[in-house]
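One structure is given below, encoded as structure tokens.
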Amino acid sequence: MANRGPSYGLSLECKKKIDQKFDLQCARDVLAWMEAVLGRKLHPNVASLESQQDLADILKDGIVLCDLINVINPGAVRSAKKSKLAFHKMENIELFTKACIAYGMHPLDVFQVPDLFETKAMFSVLNCLYALGSLAQQKGFRGPSFGVKLSEKNERCFSEQQIAEGKKVIPKQAGSNLHPSQSGMTPYGQGRQIVISDSHSVALTSTSQSVISLQYGTNRLASQSGMTPYGLGRQILLSSGSGSGRSVPVQDDGSKESQGEDVSTEVVEVCLNDENTHEIPPQINGACFDEVFADSDGSLLI
40 MANRGPSYGL SLECKKKIDQ KFDLQCARDV LAWMEAVLGR KLHPNVASLE SQQDLADILK
100 DGIVLCDLIN VINPGAVRSA KKSKLAFHKM ENIELFTKAC IAYGMHPLDV FQVPDLFETK
160 AMFSVLNCLY ALGSLAQQKG FRGPSFGVKL SEKNERCFSE QQIAEGKKVI PKQAGSNLHP
220 SQSGMTPYGQ GRQIVISDSH SVALTSTSQS VISLQYGTNR LASQSGMTPY GLGRQILLSS
280 GSGSGRSVPV QDDGSKESQG EDVSTEVVEV CLNDENTHEI PPQINGACFD EVFADSDGSL
340 LI
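Plus 39 on top of the position in the sequence shown (first one is 1) and you've got my numbering.
Here you go:
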């Protein structure tokens with residue numbers, strides 16, 4: 040039972056991870072403390088301890104562990120059986136673990152019997168001995184100290200008035216305005232608001248409200264205002280003094296057509312005089328005209 044065969048596969052991986060938790064230097068420190076408490080040598084040279092198996096061979100029978108707990112807590116284990124039988128050795132280990140729990144050790148800090156007897160988890164044995172050294176200091180053991188000192192219970196009693204006053208205090212967990220925050224920030228896409236305060240006042244007058252922001256566009260850049268699409272004829276706009284006007288087409292004399300050039304309708308402005316006759320400039324598009332006739336439909340014949 041104490042001799043296990045080699046591990047393979049997943050069992051081998053688990054065993055390697057468990058062995059990596061064992062600290063050889065901690066084992067040497069634990070063994071040196073046990074020798075100081077018991078007053079006898081447990082190993083010829085503690086510094087020469089090379090593996091967890093060496094520590095297991097010393098503690099395997101449970102006699103050393105029972106003697107240790109009896110020194111720290113006299114009478115914890117009444118009798119430890121010195122025998123070569125595996126059953127008696129495991130019984131001694133179990134007596135030690137029960138004595139540790141009775142001394143006040145947490146059950147989670149106590150190792151299992153196979154952890155030591157079968158060398159399955161020697162790091163658990165070291166953790167138990169560390170916890171025993173810390174517990175011994177708390178219990179007032181006057182021998183050599185080992186491990187960290189455990190905290191002691193320190194109760195504080197408050198009156199009902201003090202408790203009531205404490206409820207009125209806003210804790211820091213409720214928030215603070217002493218650190219950077221998102222106060223005053225607006226979500227993405229929301230317009231920026233003008234905040235009027237005493238320190239930063241903004242005079243909103245009728246003049247400032249009538250100014251069009253550049254975000255609405257501008258007429259200072261190039262645009263297509265007044266332009267006509269390609270191929271659209273130019274129209275003559277008829278206007279009178281009263282402001283009325285209409286557009287009529289202008290016919291060319293055909294001089295350009297005879298030269299093989301493209302003839303397009305020109306756009307000129309024609310004004311109506313008092314006698315309701317058409318008045319146009321004598322020169323349109325570089326050509327001179329002597330007479331202007333108006334057709335029945337209002338078209339100008341040039």
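Where a beta carbon is used, it is the ideal one built from N, C-alpha and C, also for glycine.
{"Item": "CB of residue 148 within 8 Å of CB of residue 164, strictly", "Value": "no"}
{"Item": "Backbone secondary structure at residue 266 - three-state DSSP", "Value": "coil"}
{"Item": "Candidates 52, 272, 99, 114, of which the one nearest residue 157 by Cα", "Value": "99"}
{"Item": "Burial state of residue 240 (16 or more Cβ within 10 Å)", "Value": "Low confidence applies here, because residue 240 scores a pLDDT of 48, under 50, leaving its location unreliable; read the following figure in that light. When all chains shown are included, residue 240 counts as exposed."}
{"Item": "Own chain residues within Cβ distance below 7 Å of residue 61, not counting five before or after", "Value": "91, 161, 162"}
{"Item": "Helix, strand or coil at residue 127 [DSSP, three-state]", "Value": "helix"}
{"Item": "C-beta atoms of residue 186 and residue 172 nearer than 8 Å", "Value": "yes"}
{"Item": "Pick from 202, 89, 49, 188 that is closest to residue 66, judged by C-alpha positions", "Value": "89"}
{"Item": "contact_flag[the stretch 64-78, the stretch 118-134] where n(CB pairs < 8 Å) is 3 or more", "Value": "no"}
{"Item": "Closest by C-alpha distance to residue 107, when choosing among 129, 84, 79", "Value": "79"}
{"Item": "Residue range of the unbroken alpha helix (DSSP H) whose run includes residue 96", "Value": "91-98"}
{"Item": "With 16 other Cβ atoms within 10 Å as the buried cut-off, status of residue 299", "Value": "Any answer about residue 299 is weak, because its pLDDT of 45 lies below 50 and its placement is not dependable; what the coordinates show is given next. Exposed is the call here."}
{"Item": "Option in 175, 197, 48 with minimal Cα separation from residue 359", "Value": "The chain is shown only over 40 to 341; residue 359 falls outside these bounds and no answer can be derived."}
{"Item": "Through-space distance from residue 101 to residue 126, alpha-carbon basis", "Value": "11 Å"}
{"Item": "Limits of the alpha helix (DSSP H) - the one that residue 67 falls within", "Value": "63-77"}
{"Item": "Residue 52 - DSSP class collapsed to helix/strand/coil", "Value": "helix"}
{"Item": "C-alpha gap between residue 75 and residue 191, whole angstroms", "Value": "26 Å"}
{"Item": "Buried or exposed (CB count within 10 angstroms, at least 16 for buried), residue 178", "Value": "exposed"}
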